[in-house]
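Peer 1: Each number in the numbering used here comes from the position in the sequence shown (counting from 1) with 48 added on.
Where is the CB? At the ideal position from N, CA and C, for every residue including glycine.
Questions regarding the structure given below will be posed in turn.
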Amino acid sequence: MTNKFDVIVVGAGPAGSSAAIMAAKAGLKVLVIERGEYVGAKNMTGGMLMSQILNEVVPEFWKEAPLQRPVVSQRIMMTSGARSMMVDIGNQKFLEPPFNGFSVLRHELDAWMADKAREAGAIVVTGTVVDDVIREGNRIVGVKTRREDGDVYGDVVILADGVNSLLARKVGLKKPDKAHDIGLGVKELLALPAKTINERFGLTGNSGAAFMAIGDFARGIPGGGFIYTNKESISIGMVLQPRALIDQKVTADEVLERFKAVPEVARLIEGAKLIEYSGHLIPEGGYDSMSKLYADGIMVAGDAAGFVVNTGITLQGMNLAIASGKCAGEAAVKACRKQDFSVSSLSEYETLLSEGVALNAMKTHRRAPELMSSSRLFSEYPDMVNDLLEQIVTIGPGPQELAMKIAWREMKKIGWKNLIHDGLTGVKSL
49 MTNKFDVIVV GAGPAGSSAA IMAAKAGLKV LVIERGEYVG AKNMTGGMLM SQILNEVVPE
109 FWKEAPLQRP VVSQRIMMTS GARSMMVDIG NQKFLEPPFN GFSVLRHELD AWMADKAREA
169 GAIVVTGTVV DDVIREGNRI VGVKTRREDG DVYGDVVILA DGVNSLLARK VGLKKPDKAH
229 DIGLGVKELL ALPAKTINER FGLTGNSGAA FMAIGDFARG IPGGGFIYTN KESISIGMVL
289 QPRALIDQKV TADEVLERFK AVPEVARLIE GAKLIEYSGH LIPEGGYDSM SKLYADGIMV
349 AGDAAGFVVN TGITLQGMNL AIASGKCAGE AAVKACRKQD FSVSSLSEYE TLLSEGVALN
409 AMKTHRRAPE LMSSSRLFSE YPDMVNDLLE QIVTIGPGPQ ELAMKIAWRE MKKIGWKNLI
469 HDGLTGVKSL
């Protein structure tokens with residue numbers, strides 16, 4: 049294998065493969081280095097891919113990609129004890145191109161995207177750890193690997209090596225994470241027949257559903273639960289704040305079991321068999337905690353740069369990884385054509401990000417981390433909503449009250465100052 053390339057991509061997740069596809073399609077010599085034994089080995093998560101951005105990288109991807117179900121129903125649930133309130137946002141148009149999102153299994157999706165990079169002309173090397181970058185003055189000109197052939201040189205290096213990007217820290221692009229900037233995702237993959245899934249979730253054919261849930265099952269810990277329907281399995285899990293878990297001396301598994309015991313959830317997963325369990329760190333600090341995006345000869349994309357938005361209603365990660373990787377690949381192409389790899393030249397990366405969805409989403413939802421860090425969102429508000437609805441629908445023999453009077457009384461329990469603060473934060477976050 050040659051040790052000189054136009055572009056070196058570290059990491060073969062959605063961000064890295066997207067960058068490689070864009071650069072290789074333009075005729076550049078591209079090397080992708082993945083530390084896992086095979087592509088997807090380090091990514092066992094399952095979730096929802098907001099997929100329209102993928103169509104810009106692989107046109108009509110839905111004809112060949114290993115997708116599970118097109119999501120036509122997104123459900124938001126608030127639980128409090130045995131009570132629950134659910135909002136179902138359904139749209140049958142999402143069964144047709146360009147779709148809106150699909151449930152996916154990451155090890156399948158990542159492997160397919162790496163294959164698309166190979167088809168475009170990139171070389172993908174697995175089982176290889178990158179320990180450091182190679183510098184010439186202030187410019188990054190390659191990477192140091194643990195392979196026998198060791199050092200590999202490239203005009204542009206793109207770091208897409210995940211939330212724990214040690215390389216981004218070494219080159220001074222990533223600042224130390226604060227405790228509240230990192231979320232812990234835990235997930236179980238549960239097997240169920242397709243017919244059973246459709247019956248329990250009210251689905252037909254291959255249509256899918258996605259759940260986001262908050263409530264007292266989290267014990268006041270910032271975070272929530274999720275459920276995604278696959279073809280013949282269910283992805284169920286939680287994203288929680290590790291610092292809060294430590295402070296309350298509770299494990300993520302214990303909180304997940306509480307979520308699974310919620311009556312509405314227990315009904316959906318009854319009799320399902322555990323296929324796999326996985327955990328994953330998630331950058332949740334938002335725009336203000338993001339790394340610097342580029343320097344001389346180098347760019348950072350995907351989770352390594354902090355491209356994740358969690359509003360409690362939607363969780364954007366894979367789509368922003370693909371979007372940022374796409375922009376990094378395009379910026380690399382422009383730099384190679386100009387033969388200018390300076391920080392000034394690579395600022396085109398930020399320009400492309402600002403014109404597309406990735407950086408725009410981060411800026412738009414800049415206040416989301418503040419909203420998601422409020423313990424009231426995961427305890428007091430679910431209690432308030434379910435108390436309110438329970439009183440409205442309970443028809444007893446005594447005097448009745450107007451819904452507005454009940455709502456007024458329930459809101460006073462939280463306090464007007466908190467309601468105004470949280471309301472304004474929510475408006476600025478969603």
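Within 10 angstroms of its Cβ, does I443 collect 16 or more other Cβ (buried), or is it exposed?
Peer 2: The residue in question, I443, is exposed, as its Cβ has fewer than 16 Cβ neighbours within 10 Å.
Peer 1: Does the beta-carbon distance from G263 to P445 come in below 8 angstroms?
Peer 2: Not closer than 8 angstroms, so no.
Peer 1: First and last residue of the beta strand (DSSP E) that includes A227?
Peer 2: Run containing A227: none; DSSP gives neither H nor E here.
Peer 1: Considering just the uninterrupted stretch of the beta strand (DSSP E) at S132, what are its terminal residues?
Peer 2: Unbroken beta strand (DSSP E) run through S132: 131-138.
Peer 1: Since P118 contacts S255 with CB under 8 angstroms, what's their CB separation in whole angstroms?
Peer 2: The pair is a contact, with the Cβ atoms about 6 angstroms apart (cut-off 8 angstroms).
Peer 1: Would A162 and V172 qualify as a contact pair, given that the criterion is a beta-carbon distance under 8 angstroms?
Peer 2: Yes, the pair counts as a contact, with Cβ atoms nearer than the cut-off.
Peer 1: What's the call for D470, buried or exposed, on a 16-neighbour Cβ count within 10 Å?
Peer 2: When all chains shown are included, D470 counts as buried.
Peer 1: Ordered along the chain, which non-local residues of its own chain (more than five positions away) have a Cβ less than 7 angstroms from that of S423?
Peer 2: Correct list, in chain order: G268, P270.
Peer 1: Find the nearest neighbour of M286 within the set R385, L215, G360, K223, judged by alpha-carbon distance.
Peer 2: With distances taken between Cα atoms, M286 lies closest to G360.
Peer 1: Bridge partners of I282, per DSSP?
Peer 2: According to DSSP, I282 bridges with L238, T277.
Peer 1: Kindly list the residues whose CB is nearer than 7 angstroms to the CB of Q140, restricted to its own chain and excluding five residues on each side of it in sequence; keep chain order.
Peer 2: Answer for Q140: V120, listed in chain order.
Peer 1: Can you check the stretch 340-388 for any alpha helix (DSSP H) of at least 4 residues that lies completely inside it and give the ranges in chain order?
Peer 2: DSSP runs (the alpha helix (DSSP H)) wholly in the stretch 340-388: 366-386.
Peer 1: Quick check on the DSSP output: the alpha helix (DSSP H) that includes Y325 runs from which residue to which?
Peer 2: Not the alpha helix (DSSP H): Y325 falls in the beta strand (DSSP E), residues 321-331.
Peer 1: In terms of residue numbering, what span does the beta strand (DSSP E) encompassing A159 cover?
Peer 2: Premise fails: A159 lies in the alpha helix (DSSP H), 154-168, not in any beta strand (DSSP E).
Peer 1: Mind listing, in chain order, the continuous beta strand (DSSP E) runs of no fewer than 3 residues lying wholly within the stretch 168-199?
Peer 2: As far as the stretch 168-199 is concerned, its whole beta strand (DSSP E) runs of at least 3 residues are 171-173, 178-184, 187-193.
Peer 1: I'd like the span of the alpha helix (DSSP H) that includes I269, first residue to last.
Peer 2: First-last for I269: undefined, no H or E at that position.
Peer 1: Are the C-beta atoms of N212 and some chain B residue less than 8 angstroms apart?
Peer 2: Protein chains in the displayed structure number just one, and chain B is not present.
Peer 1: With a threshold of 7 angstroms on Cβ separation, who are the neighbours of L437 within its own chain once the five nearest residues in sequence on each side are excluded?
Peer 2: Taken in chain order, the residues that qualify are M133.
Peer 1: With a threshold of 16 other CB atoms inside 10 Å of the CB of G365, please say whether the residue is buried or exposed.
Peer 2: By the neighbour-count rule (16 or more Cβ atoms within 10 Å), G365 is buried.
Peer 1: Within 10 angstroms of the Cβ of V135, are there 16 or more other Cβ atoms? Answer buried if so, exposed if not.
Peer 2: Its Cβ having fewer than 16 others within 10 Å, V135 is exposed.
Peer 1: Buried or exposed: where does P447 fall if 16 or more other Cβ atoms within 10 Å of its Cβ makes it buried?
Peer 2: P447 comes out exposed.
Peer 1: Apart from the five residues just before and just after V405, which ones in its own chain have a Cβ nearer than 8 angstroms to its Cβ?
Peer 2: Excluding residues within five positions, the ones whose Cβ falls inside 8 angstroms are I101, N367, L368, A371.
Peer 1: If you follow the beta strand (DSSP E) that I262 is part of, which residue opens it and which one closes it?
Peer 2: Note, I262: beta strand (DSSP E), 256-263.
Peer 1: F142 to N246, Cα distance in whole Å?
Peer 2: Those two C-alpha atoms are separated by around 17 angstroms.
Peer 1: Rounded to the nearest angstrom, what separates A63 and A208 at their Cα positions?
Peer 2: Between A63 and A208, the C-alpha separation is close to 6 angstroms.
Peer 1: For T127, which residues does DSSP report across the bridge?
Peer 2: DSSP output for T127 lists S132, G263 as bridge partner(s).
Peer 1: Please return the same chain residues whose Cβ sits closer than 6 angstroms to the Cβ of R194, not counting the five positions on each side in sequence.
Peer 2: Answer for R194: V177, listed in chain order.
Peer 1: For K52, which residues does DSSP report across the bridge?
Peer 2: The partner list for K52 (beta bridge, DSSP) reads Y201.
Peer 1: For P146, count neighbouring Cβ atoms within 10 angstroms of its own Cβ and tell me buried if that reaches 16, exposed if not.
Peer 2: Under this definition P146 is an exposed residue.
Peer 1: When the Cα atoms are used, what is the spatial distance from F307 to F265?
Peer 2: Roughly 5 angstroms separates the two Cα atoms.
Peer 1: For A227, which residues from the same chain have a beta carbon less than 6 angstroms from its beta carbon, with the 5 sequence-adjacent residues on both sides left out?
Peer 2: Excluding sequence neighbours, A227 sits near R291.
Peer 1: Tell me whether the beta-carbon of I69 lies closer than 8 angstroms to the beta-carbon of A130.
Peer 2: No, Cβ-Cβ distance for I69 and A130 is not below 8 angstroms.
Peer 1: Please work out which residues of its chain come closer than 6 angstroms, Cβ to Cβ, to K90, disregarding the five sequence neighbours upstream and downstream, and give them in chain order.
Peer 2: Correct list, in chain order: G84.
Peer 1: Assuming G334 and P224 form a contact by the criterion Cβ under 8 angstroms, report the distance between their Cβ atoms to the nearest whole angstrom.
Peer 2: Their Cβ separation, rounded to whole angstroms, is 16 angstroms, which puts G334 and P224 out of contact at 8 angstroms.
Peer 1: Please identify the residue among V106, R123, G95, S128 whose C-alpha is closest to the C-alpha of Q116.
Peer 2: The shortest Cα separation from Q116 among V106, R123, G95, S128 belongs to G95.
Peer 1: Between which residues of its own chain and Q122 is the CB-CB distance below 6 angstroms, once the five residues before and five after are set aside?
Peer 2: Hits under 6 angstroms: I137, A258.
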